[in-house]
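Chains as they are written, first to last, in the working numbering: chain A, 176 to 500; chain B, 176 to 500.
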């Protein structure tokens, strides 16, 4: 087993498949040297995953790598940015080559798919955790921010919501699950979120605001409302639910809807669209193969109101908070 | 005590003093949106500090923040880059407001000094550690890399070497130290390294290669030699030693020299200069107030040879390696 930090880094991280032309100097010097295209903003996002908090120690390192990268790429997607580069800070309890090899397998498979080049990072000894910083480009004036929603805009989400929380329940054995096919579907949805990279770029010039759902729809939509200084109404019966989620809830649609409202780590996009852009939206998204569902509307106010058939609901819900007891 | 992650982030990290004009959107959205000047490369570096490995749990959070930022800025300095932005991923065992307040005090003091804006990051719960990604600019063709050294180039280091290791010995009580003024000097040198940001920029167009000393002179010079495919000779009697280091070693210059060769976390620059640039070097550095000392010369070969009065020494030395037993 290699015991030298530099050997480890050189062996596993210098062999990446992606070589971008905008990377003048990658791993191996004090800094990477990079080229940002003229007329574009650089978009940057950082996410940490800590063992025992964000994932279990026995998680397959390949899935962990993919999920970490997906979570970061999802932030670029939510900005409408095109991914370009990633830095990886990896803290490991020991220089476990089998673990590293499997981690790199997953990491580079996803990096290759999205044409993202690893440009640097750090490998340190300590409790297992990883921090990724992804960077991408978005043409000037076309970034999807959280502060652009206006009263009257329609609220959409991509894909289905709630599967990730159901997958986590299966994983933690909180829910008995006798259907192995259903369990596998939900676990897969929890472990392998698909960042909506193409959909995010398709929303440039169409959506008035956007973010990705990492802490639960209600908590995340709250960020748009706060920063845009608006309120919202959500029709809970319009939330997109997978048949698998409803089956997982034993056919209890109400329970499934609650999961859809609060499930974190979905990495679907939540975005707002002015009425006059709704036609363009359908065309733009049809090219990406991503389904979007209208779940409500922005209104004057400061919070999200849940409704059913025009009647307000008084459900108590909360998002995910790392520091809550 | 605040228990909400978003409150914490908002309260402590959104109140930073630096507001750069090249930051279109900073903390609070999915990504930061940034502007890289035309004609410049973006330089990016990532460093992690893990409690128990890189620092002790009782370390003053303000000093920790400064040291982390200094270590990262040192990588930009070694590239000849001008610092611009930093992302901070902070993992904390608990939402300790006193700790966070003190951390931010140190962090923003140094960020302000170097005009570096915090553009984002992540706050997670777990074993104490932090990962910083700094970014800066360097004009096209002027970056100081590790692969440009040629046989005949002279080898320089900034400042004095060895103090950081001596300070660590004082800290760990490995060395009895009866002189409190000396102990304080060395501790300060260990805790508060000065990144050579201005010196690095002054070396553009003058140095043929450069890096910063984080793992010890011999280990780090080895990176230049490997990537430049050259060897080197170091005259050990030319190594710049502080009087305090020599005093710490009880007047034993030999012991001080060995510390200077292997001491990590010095964050001084080691660089090579072609003979015809030596005059320009003195002028350029005089404007920065940083002293540089010529310690040897690049030669054909593949490793560094230690000499004294032209005679080769057979000292056994090694650099710092996180994963060694």
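The beta-carbon is built from N, C-alpha and C at its ideal position, and this holds for glycine as well. Just so we're clear, the structure is a prediction, and the values are computed from it rather than from any experiment.
- Along the region 195 to 215 of chain B, going in chain order, the ones with a CB nearer than 8 Å to a CB of chain A are 199, 200, 203, 204, 205, 206, 207, 208, 209, 210, 211 and 213.
- Residues of chain B with a Cβ closer than 8 Å to the Cβ of residue 295(A) are, in chain order, 219, 220 and 221.
- Shown here, residue 473(B) sits in a strand according to DSSP, grouped into three states.
- DSSP, read as helix, strand or coil, puts residue 466(A) in coil.
- Against chain A, a Cβ distance below 8 Å from residue 254(B) picks out 204, 205, 206 and 208.
- The C-beta of residue 391(A) comes no closer than 8 Å to any C-beta of chain B.
- In this structure, residue 258(B) sits away from residue 219(B), with a CB-CB distance that is not shorter than 8 Å.
- Sequence-distant Cβ neighbours of residue 430(B) in its own chain, meaning closer than 8 Å and more than five residues away, are 424.
- Take residue 274(B), set aside five residues on each side of it, and the residues of its chain with a beta-carbon closer than 8 Å to its own are 236 and 267, in chain order.
- Going by beta carbons, residue 403(A) and residue 324(A) fall inside the 8 Å limit.
- When C-beta atoms of the region 204 to 219 of chain A are compared with those of the region 211 to 218 of chain B, three or more pairs fall below 8 Å, so the two segments count as touching.
- No Cβ-Cβ contact shorter than 8 Å links residue 419(B) with residue 332(B).
- Residue pairing of residue 410(A) in beta bridges, as defined by DSSP: 482(A).
- In the three-state reduction of the DSSP assignment, residue 487(B) falls in the strand class.
- Under the DSSP assignment, residue 311(A) falls in the beta strand (DSSP E) whose first and last residues are 304 to 314.
- Residues of the region 260 to 290 of chain A with a C-beta less than 9 Å from any C-beta of chain B: 260, 262, 263, 264, 265, 266, 267, 269 and 270, listed in chain order.
- Pairing residue 338(A) with residue 364(A) gives a Cβ-Cβ distance under 8 Å.
- In the DSSP assignment, residue 297(B) falls within the beta strand (DSSP E) that extends over 292 to 300.
- Taking C-beta atoms under 8 Å as the contact rule, residue 245(B) and residue 369(B) qualify, at a distance of about 7 Å.
- The region 448 to 464 of chain B makes no contact with the region 294 to 313 of chain B, as fewer than three CB pairs between them are under 8 Å.
- Residue pairing by DSSP puts residue 446(B) in a beta bridge opposite 331(B) and 385(B).
- Listed along chain A, no residue sits closer than 9 Å to residue 437(B) by beta-carbon distance, the nearest being about 16 Å off.
- By alpha-carbon distance to residue 196(A), the top candidate from 384(A), 291(A), 242(A) and 186(A) is 291(A).
- For residue 374(A) against residue 465(A), the beta-carbon gap comes to about 4 Å, under 8 Å, which counts as contact.
- With a beta-carbon spacing of about 5 Å, residue 223(A) and residue 264(B) fall inside the 8 Å limit used to define contacts.
- Residues of the same chain with a CB within less than 7 Å of the CB of residue 355(B), apart from the 5 flanking positions on each side, do not exist.
- Taking CB atoms only, residue 300(A) has a neighbour in chain B less than 8 Å away.
- For residue 390(B), the closest C-alpha among the options 410(B), 407(B), 303(B) and 445(B) is that of 445(B).
- Contacts with chain A at 8 Å (Cβ-Cβ) include residue 321(B).
- Rounded to the nearest angstrom, the Cβ distance from residue 386(A) to residue 243(A) is 19 Å, too far for a contact under 8 Å.
- Under the 10 Å beta carbon count, residue 302(A) is surrounded by 16 or more other beta carbons and is classified as buried.
- The Cβ atoms of residue 362(B) and residue 334(B) lie no closer than 8 Å to each other.
- Among the bridge pairs identified by DSSP, residue 209(B) is matched with 217(A) and 198(B).
- Considering only beta carbons, the part of the region 220 to 246 of chain A lying closer than 9 Å to chain B consists of 220, 221, 222, 223, 224, 225, 226, 227, 228 and 229, in chain order.
- Per DSSP, reduced to three states, the secondary structure at residue 222(B) is strand.
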